[in-house]
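Below is one structure, written out as structure tokens; the observations come after it.
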Amino acid sequence: MTVAVEPGRWQLDPTASTVGLRHKTMWGLVTVKGTFTGVGGTGEVRPDGSATGTVTLDAASLDTKNAKRDVHLSSADFFDAERHPQITFTVRGADRLDGDTVRVAGQLTVRGVSRPLSLTARLTGVGAGALTLETEFGVDREQFDMGWNQLGLIRGLTTITAALRFTRAAD
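Numbering-wise (UniProt numbering), the sequence shown opens with residue 1 and increments by one.
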């Protein structure tokens, strides 16, 4: 059974949302995992069921449980968080497919470089006052001018996982 999502404005709940990444390094032998602790966003569901919105990440908030690595990831070699403090995904359109599947099309901006991005998400926990979108997708960091790769240690796509909890915004 497909539960309808109520039209209106929605606010991301940062305390109930997570955005993480994982990437294989050391020639694929080690997987680095991290979570962005600074996440925010808003969305709007239109009466026809389509949606738009924005999710923002504080680029310097990536926590990989290794302070030295986190400083390096915030540096100009990677996120360049001093010059580009936010990573932004602007949702141009989101349409419900069958059941709990949502097709999301938008633009991802990292380090001031914007690229189109389409992904599939699962709609979970839908209720009158809250909903959660869950997704996993790959990103080629070189498309965002993050080509640092000393000794060829870092190869392939970075996997992004997100569980985004939205609550109805007061009108």
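C-beta atoms are modelled at their ideal positions from N, C-alpha and C, and glycine is treated no differently.
Limits of the unbroken alpha helix (DSSP H) element including residue i
i, result
"Val71", "Ala67 to Ser74"
Bounding residues of the beta strand (DSSP E) (the contiguous stretch that carries residue i)
i, result
"Thr159", "Thr158 to Arg168"
"Asp100", "Neither: Asp100 is in no beta strand (DSSP E) and is coded neither H nor E."
"Pro116", "Val113 to Thr124"
"Glu134", "Ala130 to Val139"
"Val39", "Val39 to Val45"
"Gly8", "Gly8 to Leu12"
"Gly53", "Ala51 to Asp58"
Neighbourhood of residue i by C-beta, 8 Å cutoff - its chain only, sequence neighbours within 5 removed
i, result
"Thr101", "Thr120, Ala121, Arg122 and Leu123"
Beta-carbon spacing of residue i, residue j below 8 Å
i, j, result
"Thr132", "Gly125", "yes"
"Thr159", "Glu136", "yes"
"Leu62", "Gly40", "no"
"Ala128", "Arg165", "no"
"Thr42", "Gly34", "no"
"Asp58", "Pro14", "no"
"Ala169", "Arg9", "yes"
Own chain, CB closer than 6 Å to residue i, minus 5 neighbours either side, in chain order
i, result
"Leu108", "Phe89, Arg115 and Leu117"
"Gly20", "Thr35 and Thr161"
"Gln150", "Confidence is the limiting factor: at Gln150 the pLDDT is only 48, short of 50, which leaves the residue's position unreliable, though a coordinate-based value still follows. Contacts found: none."
Rounded distance between the beta-carbons of residue j and residue i, thought under 8 Å
i, j, result
"Val91", "Ala51", "7 Å"
Cβ shell of residue i (< 7 Å), same chain only, five flanking positions each side left out
i, result
"Gly106", "Phe89, Thr90, Val91, Arg92 and Leu117"
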